[in-house]
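In the numbering used here, the protein residues as written are 1188 to 1590.
Beta carbons are placed, not taken as given, at the ideal position from N, Cα and C, and that holds for glycine.
Quantities reported herein were computed from a predicted structural model and do not represent experimental measurements.
Written below as structure tokens is the structure these notes are about.
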């Protein structure tokens, strides 16, 4: 066979293999641990007649993940006649009386602490479980994702630490599969730019600085015909000789045009830079690290009608800017991670209706079934930046209604 036909066959085979994998990887194919072939059970059916602890009675006292979390005959016997040997097939498949299989998660978790002491509800972590038969079928995730744990375990709200060893039995195998591709160091920036990127769940600025600082940064090679300002050669050299390397992440004049990327939202600056420390190095006045003082205030903020505090005035131009692009406002006015400083005015300070600046239009919350419960893209989170749909009740934004 001619070589060109061999290459053609190999090319078609590889293309077909990649296409098949690309197709099948996008299909929903949840896998259980085998219990779905041992026991017949539906969380959806049972959710209408009992609560979680009606079946998982030991969860409230359990201090570790294990078999004690599964229901036993005694739990089932509170409703079902488990002594009727002629009706075993109601729950068991084909007289399959194997014990339930337990999933080794490699995690450390104390249900008792979270349920009894922190007063968290099961559905707060096990979302969607009441809509499916088996737990592994739950959406959006069969098991609580780490991003949900990070709602409290974030070293930020003084609620709980996010030290890996607190929850993971071994920290040696925590690197995600997506990070194990050969070119991840070059392509990770595309993952970081995704709307649902959660790099800071594990990484802080120091992680990035292992590469994006000093001699490990991206490099520009200077030769006679390609020399980067502001450096100039001090002696003559041939066109191929490399005399200097300049380390960079942004262009050398980026300090002058970074505002364009910020306003155009082509860059997510806070991925690497912390506002209250990094931005304040330049955006300050007389040594004070305050973004809203004369000298660093945007020109629009100095106009006489920028802020009108009188009731029923519409608020002035700042209200127009806020409605148009509240994220830009929050980039400076939300330096503590809580609700923006808008709340200094937009609050009911005396309990008298109608004499304070109005944040929302009348009847804006005509029902309680808004998209803020399940979508991070909800407009609510443009202002309420410290919250997510998975935030625990009783805290911040969610605490307004869920006590």
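Check: Where residue 1361 sits in the DSSP three-state scheme; Outcome: coil
Check: Cβ separation of residue 1252 and residue 1287, assumed to be a contact under 8 angstroms, to the nearest whole Å; Outcome: Residue 1252 to residue 1287, Cβ: 14 angstroms. No contact.
Check: Sufficient close CB pairs (3 or more, under 8 angstroms) joining the region 1302 to 1322 to the region 1231 to 1244; Outcome: yes
Check: Through-space distance from residue 1562 to residue 1553, alpha-carbon basis; Outcome: 18 angstroms
Check: Residue 1578 versus residue 1359: straight-line alpha-carbon distance, rounded; Outcome: 29 angstroms
Check: Nearest-angstrom Cα separation, counted from residue 1268 out to residue 1380; Outcome: 56 angstroms
Check: Boundaries (first-last residue) of the alpha helix (DSSP H) holding residue 1508; Outcome: 1504 to 1511
Check: Nonlocal neighbours in the same chain, by C-beta distance under 6 angstroms from residue 1493, ignoring five residues either side; Outcome: 1503, 1504, 1505
Check: Residue 1582 versus residue 1557 - alpha carbon distance; Outcome: 18 angstroms
Check: Euclidean distance between Cα positions of residue 1203 and residue 1193; Outcome: 15 angstroms
Check: Endpoints, the alpha helix (DSSP H) within which residue 1533 is located; Outcome: Residue 1533 -> no alpha helix (DSSP H), and no H or E assigned at all.
Check: As assigned by DSSP and simplified to three states, the class of residue 1226; Outcome: strand
Check: Neighbour-count burial assignment, residue 1275, 16 or more Cβ in a 10 Å radius; Outcome: exposed
Check: Inter-residue CB distance, residue 1532 and residue 1544 (contact presumed, cutoff 8 angstroms); Outcome: 4 angstroms
Check: Segment limits, alpha helix (DSSP H) that includes residue 1443; Outcome: 1441 to 1451
Check: Boundaries (first-last residue) of the alpha helix (DSSP H) holding residue 1262; Outcome: 1260 to 1264
Check: Cβ pair count under 8 angstroms reaching 3, the region 1240 to 1260 against the region 1325 to 1343; Outcome: no
Check: Option in 1560, 1395, 1362, 1280 with minimal Cα separation from residue 1376; Outcome: 1395
Check: Reduced DSSP secondary structure (H/G/I, E/B, other) of residue 1353; Outcome: helix
Check: Spatial neighbours of residue 1249 in its chain, beta-carbon cut-off 7 angstroms, leaving aside the 5 residues before and after; Outcome: 1255, 1256, 1298, 1299
Check: Status (buried if at least 16 other CB within 10 Å, exposed otherwise) for residue 1198; Outcome: exposed
Check: Alpha helix (DSSP H) runs contained entirely in the region 1264 to 1347, provided each spans 4 or more residues; Outcome: 1309 to 1312, 1333 to 1336
Check: Buried or exposed (CB count within 10 angstroms, at least 16 for buried), residue 1312; Outcome: buried
Check: Length of the line joining the Cα atoms of residue 1348 and residue 1270; Outcome: 47 angstroms
Check: Contacts around residue 1452, its chain only, beta-carbon distance under 8 angstroms, and the 5 residues preceding and following it disregarded; Outcome: 1514
Check: Buried/exposed call for residue 1588, threshold 16 Cβ in 10 Å; Outcome: exposed
Check: Cβ pair residue 1247, residue 1201 closer than 7 angstroms; Outcome: no
Check: Residue burial classification, residue 1183 (beta-carbon count within 10 angstroms, cutoff 16); Outcome: Residue numbering for the chain in the displayed model covers 1188 to 1590; residue 1183 lies beyond these limits and cannot be assessed.
Check: Supposed close pair residue 1280, residue 1224 - CB separation, criterion 8 angstroms; Outcome: 6 angstroms
Check: Rounded straight-line distance, which links the Cα of residue 1365 to that of residue 1441; Outcome: 31 angstroms
Check: Residue range of the alpha helix (DSSP H) that includes residue 1239; Outcome: 1239 to 1242
Check: Collapsed DSSP secondary structure at residue 1256 in the structure displayed; Outcome: helix
Check: Rounded separation between residue 1478 and residue 1333 - CA only; Outcome: With a pLDDT of 48 at residue 1478, under the threshold of 50, the modelled position of that residue is not reliable, and no figure is offered here.
Check: Status (buried if at least 16 other CB within 10 Å, exposed otherwise) for residue 1182; Outcome: This structure leaves residue 1182 out entirely; the chain is present only between 1188 and 1590.
Check: Close beta carbons around residue 1307, own chain, < 6 angstroms, minus the five adjacent residues each side; Outcome: 1301
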